[in-house]
Amino acid sequence: MPQSRAAGLLAIYPHITSRDRRLLQLLDDHQVLTTDQIHRMLFSARRTCQIRLSELRALGLLDRFRFSRDGGGSQPWHWVLGHHGHRFQAAVHDRAEPTSRSSRQLVQRLSANPNLTHLLTANEFFVRLTTHARQHAATRLDRWWSETATTKQYRTVTADGHGLWSVDGTTVGFFLEADTGSEPLGRVVAKLDRYAALIRRGGPRYPVLFWLGSHQREEHLHQLLRSRRGEVPTATATHDTEPAAAVWLPAGSTRRVRLVDLSSDHGQPVADNPNYDDDGVFVL
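Remember, this note's numbering sits 676 above the position in the sequence shown when you count from 1.
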């Protein structure tokens, strides 16, 4: 008699380590990570990481894709959940059993997503914080929410991510706007209106971090920020920096500070309320 699908998944369980479970959860939450990102977060030796990823792929827990580089060569492997990975995570979170077809479609849609570079950029920000915390015992990334999780919680705010970062007992919350240069800066600044509305609803007054691709773009953004009221705290840094370090330039300041030194107010326990409109006005 052939094994049931459930029995087939159970046969994989003895091969899944606690580190594997963390990786599966990361991919469930954040969709895609490169080999290098996984290595920095979870492994000491790159070769050990590569071998383990191949083993997890052979078990059907992971899948991967990559594209060619302009000018020759290939991009790094991009890792996602495989069918058994989707099944395992569905069991963990009491979700419906996915079909093999639905798992394939998820990988295909993700690999063809025109916003893939933007997603990897946002993930890279949190990967660097996670890596920093591995190397510095007094630091901790207490929360890493994806765009989807952030929007679900805060409703009208569509940040690229939200986090809580702690150093020596001090915790700062933040919203991330990972900029890849695809939007005019005027449109980027206009996003602050939604954060202002969230603050007026009694939500957290977290700094909005603009993580930019160049110092020139950062300078131009600060020129636009000068024309706004300071209702929403903001700070900028560039992709070539380490987010935990003293690289953040608050609007209106000339001195760069550490992430943990940015002003942060956690607001009310319930950050968003459906009885408030986008202008912060209570409605029935």
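The C-beta atom is built at its ideal place from N, Cα and C for all residues, glycine as well. For clarity, every value in this text was computed on a predicted model and none was experimentally measured.
Boundaries of the alpha helix (DSSP H) harbouring aspartate 696: 694-706, taken from the DSSP string. Ranking Thr793, Thr807, Arg777, Thr917 by CA distance to the CA of glutamine 707 puts Thr793 first.
Excluding residues up to 5 positions away in sequence, Ser822 lie with their Cβ nearer than 6 Å to the Cβ of aspartate 705 in the same chain.
An exposed status is given to glycine 857, since fewer than 16 other beta-carbon atoms sit within 10 Å of its beta-carbon. Around the C-beta of alanine 873, 16 or more other C-beta atoms lie within 10 Å, and the residue is accordingly described as buried. If you look at alanine 913, you'll find it in the beta strand (DSSP E) that goes 910-914. If you keep only unbroken alpha helix (DSSP H) runs of at least 4 residues inside the region 801-850, you get 823-830.
Cβ atoms of aspartate 818 and threonine 847 come within 8 Å of each other, at about 7 Å. Inter-residue distance for arginine 902 and threonine 914 is about 19 Å (C-alpha atoms, whole angstroms).
Take leucine 786, set aside five residues on each side of it, and the residues of its chain with a beta-carbon closer than 8 Å to its own are Gln707, Val708, Val756, Leu792, in chain order. Nearest neighbour of tryptophan 924 by Cα position, chosen from Thr912, Val803, Ala687, Arg740, turns out to be Thr912. Under the three-state reduction of DSSP, phenylalanine 764 is assigned to helix.
Each residue's CA atom was taken as its position, placing alanine 809 and leucine 888 some 22 Å apart. Excluding its 5 nearest sequence neighbours in each direction, arginine 816 has C-beta neighbours in its own chain below 7 Å: Ala809, Ser842, listed in chain order. Between tyrosine 871 and serine 940, the C-beta spacing is not below 7 Å. When the five nearest sequence neighbours on each side are left out, the beta carbons in the same chain lying within less than 8 Å of the beta carbon of alanine 766 are those of Ala772, Glu773, Pro774, in order along the chain. Bridge partners of histidine 754 according to DSSP: Thr710, Phe741. Residues of the same chain with a CB within less than 8 Å of the CB of leucine 718, apart from the 5 flanking positions on each side, are Arg695, Arg698, Leu699, Cys725 in chain order. Pairing proline 909 with leucine 805, the inter-Cα distance amounts to about 21 Å. By the neighbour-count criterion, in which 16 or more other beta carbons inside 10 Å mark a residue as buried, threonine 710 falls on the buried side.
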